[in-house]
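Visitor:
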Amino acid sequence: MTSHITKIHSAISEYVPLKSRRITGISNESLEAVGQGTVELMNHIGNKSIHFKLKNVLYVPHATNNLVSLSHLDKEGGHTTIGDGKWPLH
0 MTSHITKIHS AISEYVPLKS RRITGISNES LEAVGQGTVE LMNHIGNKSI
50 HFKLKNVLYV PHATNNLVSL SHLDKEGGHT TIGDGKWPLH
């Protein structure tokens, strides 16, 4: 199963350092996850602002991009639709 990943340390609350954990599948090489925690996000849909938390987000300082794991989102009861240049998370 994939994991949520961030390269932005300041975005993580409840941060817990990890013993070295190598992850693959982001680039052509394995990268090191050095910690994990919670990332709070806000999504604007129409006139509504929806706040939600992604838990157990891996902190990977050398990741090229941040990653939202759709399989984790689905497991936690979230859903999304992608289209028209938008990607709202619910």
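Numbering (numbering that gives the first Met the number 0), first residue to last: 0 to 89. Beta carbons: idealized from backbone N, C-alpha and C, even for Gly.
Are the CB atoms of residue 58 and residue 11 within a distance shorter than 8 Å?
Guide: Numbered from 1 along the sequence shown, position 12 holds the residue referred to as residue 11. Numbered from 1 along the sequence shown, position 59 holds the residue referred to as residue 58. For residue 11 and residue 58, yes; Cβs fall inside 8 Å.
Visitor: Comparing C-alpha positions only, which one of 75, 69 and 43 sits nearest to residue 85?
Guide: Along the sequence shown, one-based indexing puts residue 85 at 86. Ranking 75, 69 and 43 by Cα distance to residue 85 puts 43 first.
Visitor: Tell me whether residue 8 is buried or exposed, calling it buried when 16 or more other Cβ atoms sit within 10 Å of its Cβ.
Guide: In the sequence shown, counting from the first residue as 1, residue 8 sits at position 9. Exposed, by the Cβ-count rule.
Visitor: In this structure, what does DSSP give as the bridge partners for residue 48?
Guide: As a first step, residue 48 is located in the sequence shown; it is residue number 49 there, counting from the start. Its beta-bridge partners are 43.
Visitor: From the DSSP output, which residues share a beta bridge with residue 16?
Guide: As a first step, residue 16 must be located in the sequence shown, where it is residue number 17. Answer is 34, bridged to residue 16.
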